[in-house]
Amino acid sequence: MPSMTNARYTILTPASKYALSFIQQLRRTIQDSRCTAFIYEHI
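To convert, count from 1 in the sequence shown and add 54; that's the working numbering.
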């Protein structure tokens, strides 16, 4: 993870940090399911 991102995270409040990590996790899950759907379509 870039140091810039880490610096930005330390500025945020714990609540914002939690919300950000939740959003990132959600985005990752969406990307994973998209990737899985793509693989299934091309089998």
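Ideal placement from N, C-alpha and C gives every residue a C-beta, glycine not left out.
Query, Result
"Where the alpha helix (DSSP H) containing Arg83 begins and where it ends", "The question names Arg, but residue 83 is Thr in the sequence shown. Its alpha helix (DSSP H) spans residues 68-95."
"Alpha-carbon to alpha-carbon, Thr90 and Ile84", "10 Å"
"Tyr94 burial status per 10 Å Cβ neighbour count (16 or more: buried)", "exposed"
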